[in-house]
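Under this note's numbering, read the sequence shown as residues 34 to 517, first letter to last.
Every residue gets a Cβ at the ideal spot worked out from N, C-alpha and C, and that includes glycine.
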Amino acid sequence: MVSDTDSKTRKPSRLLWRLYTSYAILIVVMGSAFGLLTREHFSDNPEAAGKIILLSCIVATVLALILGNLLQRKVSGQLEPLTQVAEAYSRGDFSQRAPLILDSETDRLACALNSLADDLQEQIGSLRAEHNRLRVILGGMKDGIVAIDNGERIVLINPIASRLLNIDHRSNRGREILEAIRSNKVNDLLLNTLRTQRPSESEFQMITPLGERTIVAYTSPLMDASQEVTGALAVFHDITEVRRLEMVRQDFVANVSHELKTPITAIRGLAETLEEDPSMASDTRVRFTRKITKQSHRLSLLVSDLLALARLEEHSGSDGFAPMDLRTVVQERITSLSRLETHQIQARVTSDLGKQPLLVLGEEEELRQAIGNLIDNALKYTPADGEVQVSTGITDDKVHIEVRDSGIGIGTEHLERIFERFYRVDKARSREVGGTGLGLSIVKHVCINHGGDITVKSEEGAGSVFRMQIPLIPSKKIHAAPQN
């Protein structure tokens with residue numbers, strides 16, 4: 034029978050034995066070919082036990098490496114397609130999509146990559162569309178645009194600006210402005226705006242491939258979302274035509290004022306003289322009355338020509354045009370002008386109109402006035418022993434009316450301006466013969482409105498040749514006219 038004391042002392046020994054045994058069993062399980070380790074092995078042969086433990090650790094390590102390698106290959110095999118897709122995205126190819134593997138830990142990553150690709154593709158498409166829209170807008174603008182960054186390099190230049198500045202808008206992006214643009218005025222405007230960070234406006238003359246142009250430049254600093262200046266922008270507006278029209282308008286107003294003032298002043302002076310001197314001699318009164326009549330007639334002609342010119346400028350379409358035989362119109366104008374006694378010295382008028390009808394589409398009264406102005410102008414500047422020849426014909430589907438005179442001619446320096454309003458080669462002679470200075474301008478507008486043109490060839494002292502051309506009615510329209 035065992036006492037209570039013995040039973041108490043044996044309990045720890047049994048517990049330790051069980052721990053050793055459990056430990057030994059664990060080693061045997063991991064390496065069953067190496068035997069069983071008991072408490073006696075530790076106490077009787079510790080060296081052998083250590084070898085067994087070492088060998089077991091080596092085997093366990095090898096097994097762990099093998100299992101890790103297999104796991105690594107498995108994970109690498111799943112990540113390889115994702116890596117290829119990510120590399121495609123880095124090259125800008127967002128058409129690739131990551132494959133999904135069922136029950137794979139990489140599915141979440143693949144879904145995230147695909148979602149990112151969709152978002153990026155949509156955003157890049159929007160940016161490209163916006164870029165193309167901006168490019169079309171900039172390319173279609175009539176104003177030139179140049180933008181530079183803080184490094185004074187060109188970041189934007191549209192085709193209009195490249196033509197004005199005579200530089201290529203593609204190859205000069207990224208270049209410094211002082212190297213790319215040769216205009217000191219343009220460079221100073223942009224660099225000054227970049228330094229002062231304030232907008233400005235300037236008008237200046239610039240020599241361009243199109244000739245000398247008047248430019249208005251508007252400059253402004255470029256700012257980012259945080260209101261930090263990132264560069265400068267300049268907009269160049271070509272106002273050459275505007276300035277030319279302003280000068281034409283000013284000259285026109287001045288000329289009209291002068292032309293109206295001259296006869297009005299003469300009429301007023303003569304009328305006041307008649308009024309203040311009731312006892313004026315009869316022959317003097319008659320002479321004054323004739324002068325008043327002449328000046329009032331000149332004033333009436335001037336007003337009529339001004340109204341006709343305004344009507345021609347307003348009516349620039351083909352509304353009201355009708356088919357007509359221009360040969361008949363020319364013949365009527367020659368006959369009516371030949372019968373007039375407005376010229377004290379009348380030159381001889383000859384004509385060669387042929388027999389072929391000259392069918393055109395036009396406004397008869399406008400064409401009648403234009404032809405009359407040409408013949409009348411030739412008669413005014415041709416001496417009595419001279420001759421005015423009027424001929425018609427067809428050249429390149431156009432009807433031409435040619436008025437040739439043997440008059441005083443026109444100097445070559447005046448030919449470019451001869452069709453301007455109130456322009457006179459010899460102002461004294463023009464007023465003497467009663468010209469308004471608007472006759473040839475009216476002819477030019479009539480030709481333009483009818484789709485034709487007017488040319489002149491002349492030498493001083495050798496006469497002049499005015500050639501007016503109007504498009505001939507096509508044969509199809511001629512046959513269709515009776516049905517209409």
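| query | If you draw a straight line from the alpha carbon of H270 to that of L412, how long is it in whole angstroms? | reply | The straight-line gap from Cα to Cα measures roughly 46 Å.
| request: Report the rounded CA-to-CA distance for T317 versus T469, giving the unit in angstroms. | output: Cα-Cα distance, rounded: 27 Å.
| task | Using three-state DSSP, classify I190 as helix, strand or coil. | result | Under the three-state reduction of DSSP output, I190 falls in the strand class.
| request: Starting from the C-beta of L505, find all residues in its chain whose C-beta is less than 8 Å away, skip the five residues before and the five after it, and write them out in chain order. | output: The residues are L391, L392, V393, I427, D430, K431, V432.
| field | Contact between the segment 440-451 and the segment 401-408 (3+ Cβ pairs under 8 Å) | value | Taking a cut-off of 8 Å for Cβ pairs, the segment 440-451 and the segment 401-408 do not touch, as fewer than three such pairs fall below it.
| request: Quickly, what does DSSP pair A343 with across the bridge? List them, please. | output: Here A343 is not bridged, per DSSP, to any residue.
| task | Run the CB neighbour count on G264, radius 10 Å, all protein chains shown included, and call it buried at 16 or more, exposed below. | result | Under this definition G264 is a buried residue.
| N-terminal and C-terminal residue of the alpha helix (DSSP H) that I451 is part of | Where I451 is concerned, there is no enclosing alpha helix (DSSP H), given that its DSSP letter is neither H nor E.
| message | Applying the 10 Å Cβ sphere with the 16-neighbour rule, what's the burial state of H291? | response | Exposed.
| said: Can you list, in chain order, the residues of its chain with a C-beta nearer than 6 Å to that of A66? Leave out the 5 residues immediately preceding and following it. | reply: Because the pLDDT of A66 is 44, which lies under 50, any placement of that residue in the model is unreliable, and the number read from its coordinates should be weighed accordingly. Answer for A66: no residue qualifies.
| field | Same chain, Cβ closer than 8 Å to R450, neighbours up to 5 away in sequence not counted | value | For R450, where only same-chain residues beyond five positions count, the Cβ hits under 8 Å are Y456.
| said: Using the Cβ count rule (16 or more neighbours within 10 Å means buried), how would you classify S497? | reply: Classification for S497: buried.
| message | Which same chain residues end up closer than 7 Å to L52 when comparing Cβ atoms and leaving out the 5 residues on each side of it in sequence? | response | For L52, the pLDDT reaches just 45, beneath the cut-off of 50, and the residue's location in the model is therefore unreliable, although a value from the coordinates is still provided. Apart from the 5 residues on each side of it in sequence, L52 has no Cβ closer than 7 Å to any other Cβ in its chain.
| message | Among M357, P296, I178, T326, whose alpha-carbon lies nearest the alpha-carbon of P192? | response | Nearest of M357, P296, I178, T326 to P192, Cα basis: I178.
| said: If the criterion is Cβ atoms closer than 8 Å, does the pair L142 and L115 meet it? | reply: Yes, the Cβ-Cβ distance between L142 and L115 is below 8 Å.
| query | E185 by DSSP, collapsed to three states: which one? | reply | It is coil, neither helix nor strand.
| task | Name the two residues that bound the continuous alpha helix (DSSP H) containing V286. | result | For V286, the uninterrupted alpha helix (DSSP H) segment begins and ends at 273-309.
| Going by C-alpha distance, which of L345, A119, N102, A267 is nearest L255? | Residue A267 holds the alpha-carbon nearest to the alpha-carbon of L255 among L345, A119, N102, A267.
| field | Own chain, CB closer than 6 Å to A131, minus 5 neighbours either side, in chain order | value | Only L115, V118, A143, L146, N147 meet the Cβ criterion.
| query | For L505, does the three-state DSSP call read helix, strand or coil? | reply | Strand at L505.
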